[in-house]
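Here the structure is laid out as structure tokens; the discussion comes afterwards.
In the numbering used here, the protein residues as written are 63 to 330.
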């Protein structure tokens, strides 16, 4: 087993350990929307001793339809409300507001900016030892865009690159299936109660959160995804978001060309 794979496996073992050891590696958690960090890893968050949380979008589509559906007149008001919800939830896990950054990309628009996102990621993951991020799983185009940008940024790094673990939300399995091997973090009663309190802070998202619930968490070694091919079972093909799995693959191919990734050797 390659040394780097061994290190990632050791990280997974510590994440799932019943003793709940503190994860002291310099960590960047990169997700698409406010609330994704809680759904994916609320159980782990309090154990991350040195963590920066990056949200790629502000959670507000610019057509303001979502904003108005939640009682706001403008998308900017909706975005501010989602940020306040995020800060309240993160405080329960002991994560200060200063540790949470945002690129401010419009919700549902991240896939249109893959090259820009990749360049932005470089500044965040440089010097990190561990990156936690979305799986490429066809659940939401913003999630898939984040997965692409993290993988592409890592490929462009010179020198030592961070270990990347993915956080499946839609098609999660600890055995990984066609993805990398992983573990399930089985939440204790205390962890489950804390996660429920955190999720309750996202008042504008309760309709969506019901479908996920307070559940155990999956952490997997991120494989070398082929982003130029659509993932299987693309859920957002059924939504009128202006993008499909096939279109995402086209955008990924174009971004790879713009970034010069096809001429680079794989980085670990």
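Where a beta carbon is used, it is the ideal one built from N, C-alpha and C, also for glycine.
- Task: Starting from the N-terminal side, write out each stretch of the alpha helix (DSSP H) that is 4 residues or longer and does not extend beyond the stretch 107 to 161.
- Result: 127 to 131, 137 to 154
- Message: I want to know whether the stretch 139 to 149 touches the stretch 184 to 193 - three or more CB-CB distances under 8 Å.
- Response: no
- Message: When you compare the stretch 165 to 179 with the stretch 302 to 314, are there three or more beta-carbon pairs, one atom per stretch, that lie closer than 8 Å?
- Response: yes
- Message: Please classify residue 324 as buried or exposed, where buried requires at least 16 other C-beta atoms within 10 Å of its C-beta.
- Response: exposed
- Item | residue 163 - DSSP class collapsed to helix/strand/coil | strand
- So which of 98, 81, 292 has the shortest CA-CA distance to residue 260? 98
- Query: When the Cβ atoms of the stretch 248 to 264 are set against those of the stretch 117 to 124, are three or more pairs found closer than 8 Å?
  - Reply: no
- Query: Looking at the structure shown, is residue 73 part of a helix, part of a strand, or coil, going by DSSP?
  - Reply: helix
- Report buried or exposed for residue 256, applying the criterion of at least 16 other Cβ atoms within 10 angstroms of its Cβ. buried
- Presumed contact (8 Å Cβ cut-off) between residue 227 and residue 110, rounded CB distance: With 8 Å as the limit, residue 227 and residue 110 do not qualify as a contact, their Cβ atoms being about 12 Å apart.
- Task: Measure the C-alpha to C-alpha separation of residue 104 and residue 155 and round it to an integer number of angstroms.
- Result: 7 Å
- Message: Below 8 Å, how does it come out for the stretch 206 to 215 and the stretch 277 to 294: are there three or more Cβ pairs, yes or no?
- Response: yes
- With burial defined as no fewer than 16 other Cβ atoms inside 10 Å of the residue's Cβ, what is the status of residue 152: buried or exposed? buried
- Nearest residue (CA-CA) to residue 77, options 204, 245, 266, 69: 245
- Query: By the 10 Å Cβ neighbour count, where 16 or more other Cβ atoms means buried, how is residue 90 classified, buried or exposed?
  - Reply: buried
- N- and C-terminal bounds of the alpha helix (DSSP H) containing residue 319: 307 to 321
- In whole angstroms, what is the alpha-carbon distance linking residue 136 and residue 179? 25 Å
- Query: Which of the three DSSP states, helix, strand or coil, is assigned to residue 212?
  - Reply: helix
- How far does the alpha helix (DSSP H) with residue 188 in it reach, from first residue to last? Where residue 188 is concerned, there is no enclosing alpha helix (DSSP H), given that its DSSP letter is neither H nor E.
- By DSSP, does residue 63 sit in helix, in strand, or in coil? Because the pLDDT of residue 63 is 41, which lies under 50, any placement of that residue in the model is unreliable, and the number read from its coordinates should be weighed accordingly. Residue 63 falls in the coil class under three-state DSSP.
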